[in-house]
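Here the structure is laid out as structure tokens; the discussion comes afterwards.
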Ligand code: MF3
Ligand code: CO
Ligand code: CO
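Residue numbers (my numbering): 1 to 287.
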């Protein structure tokens with residue numbers, strides 16, 4: 001997920017016209033434009049959608065493949081090795097590796113870890129743990145981003161309920177995806193469901209546009225008000241990835257600079273899909 005940042009606005013993939021004769025002005029403009037474009041929503045064309053779909057399917061297949069292997073006694077380092085090797089075997093690149101200095105090929109987040117947990121040979125999965133595995137592949141330059149929760153052996157009914165409700169939050173968010181609806185509709189649906197169960201929605205990280213870059217505009221908040229925010233348009237591709245805490249939504253980052261944990265030590269869960277806005281609704285690309 002993406003650290004929260006500023007507002008986003010819309011653009012087509014076509015370059016904005018610049019008057020080449022107005023030299024100085026044009027240069028200044030295109031310099032500004034280059035940076036501004038990073039926060040503009042890229043509406044994907046058919047070629048791009050086909051590529052992103054393939055990458056998303058690979059991400060899904062990797063998650064499917066590791067699922068039966070995840071059990072008590074496995075280390076998060078082993079999960080990293082599986083994801084890394086499977087990704088390369090399919091001619092793809094694991095997006096997390098070296099992304100802004102992230103040291104591994106997948107994020108593994110256990111119990112009170114909200115997200116960005118770093119795989120380690122020292123962390124063996126134990127009976128009762130809840131684990132998020134977040135896989136992002138780059139295939140032919142296109143990104144596919146998805147994460148799932150895993151119950152390790154016998155898990156408390158409280159933890160199982162958090163995992164179930166968080167999945168429902170993601171699904172209720174996805175159900176809001178269609179042209180004409182707004183991003184606030186997604187956030188609102190998620191927040192209502194989470195808070196209705198006495199849980200809290202993490203604010204510090206949000207879903208994000210994706211496909212051409214790892215993290216694109218817009219930010220997709222997992223809380224908010226209906227009929228507010230960016231309007232959804234066919235060709236938009238973004239993630240919905242609610243992080244839901246059993247306690248307070250405040251976060252703390254560990255000294256490794258990555259691992260985000262709940263400030264109060266409560267359990268946290270997350271599910272993530274990459275979705276495409278279609279003419280009449282949604283295609284869940286990582287399903
Ligand atoms: N996959 C995460 C997301 O859902 C991002 C992980 S960034 C990393 O956006 F550097 F920690 F890998
Ligand atoms: Co994401
Ligand atoms: Co992810």
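Virtual Cβ for every residue (Gly too), placed ideally from N, Cα, C.
Boundaries of the alpha helix (DSSP H) harbouring residue 189: 183–196, taken from the DSSP string. Under a 10 Å Cβ-count criterion, residue 158 is classified as exposed, with fewer than 16 other Cβ atoms of the shown protein chains found around its own Cβ.
With respect to residue 56, residue 239 sits apart: the two C-beta atoms are not nearer than 8 Å. Per the C-alpha coordinates, the member of 231, 197, 244 positioned closest to residue 205 is 244.
With fewer than 16 neighbouring CB atoms inside 10 Å of its own CB, residue 88 falls in the exposed class. Per the C-alpha coordinates, the member of 95, 125, 160 positioned closest to residue 139 is 95. Around residue 74, the same chain offers 124, 125 as residues with beta carbons nearer than 8 Å, after the five sequence neighbours per side are excluded.
For residue 277, no alpha helix (DSSP H) segment is defined; the enclosing uninterrupted segment is the beta strand (DSSP E) at 273–277. Going by DSSP, residue 171 is part of the alpha helix (DSSP H) stretching over 157–174. Separation of residue 198 and residue 215 (C-alpha to C-alpha, rounded to the nearest whole angstrom) is 30 Å. Under DSSP, the beta-bridge partners assigned to residue 94 are 137. Shortest Cα-Cα distance from residue 54 to any of 64, 141, 133 involves 141. In terms of side-chain proximity, the C-beta atom of residue 136 is found nearer than 7 Å to a non-hydrogen atom of ligand 3. Counting only residues of its own chain and dropping the five nearest sequence neighbours on each side, residue 226 has a CB closer than 7 Å to the CB of 184, 185, 188. Taking a cut-off of 8 Å for Cβ pairs, the stretch 45–53 and the stretch 79–88 do not touch, as fewer than three such pairs fall below it.
Taking C-beta atoms under 8 Å as the contact rule, residue 190 and residue 201 qualify, at a distance of about 6 Å.
For residue 174, the closest alpha carbon among the candidates 64, 272, 268 is that of 272. The straight-line gap separating the alpha-carbon atoms of residue 229 and residue 148 is approximately 27 Å. In this chain, the alpha helix (DSSP H) harbouring residue 86 covers 76–89. Straight-line measurement puts the Cα of residue 260 at about 6 Å from the Cα of residue 251. Counting other Cβ atoms within 10 Å of its Cβ, residue 164 stays below 16 and is therefore classed as exposed. In summary, residue 69 is exposed, with fewer than 16 beta-carbon neighbours lying within 10 Å of its beta-carbon over all protein chains present.
With respect to the 8 Å criterion, residue 108 and residue 59 are not classified as neighbours on the basis of their beta carbons. Contact between residue 232 and residue 161 is ruled out by a C-beta separation of about 30 Å, above the 8 Å threshold.
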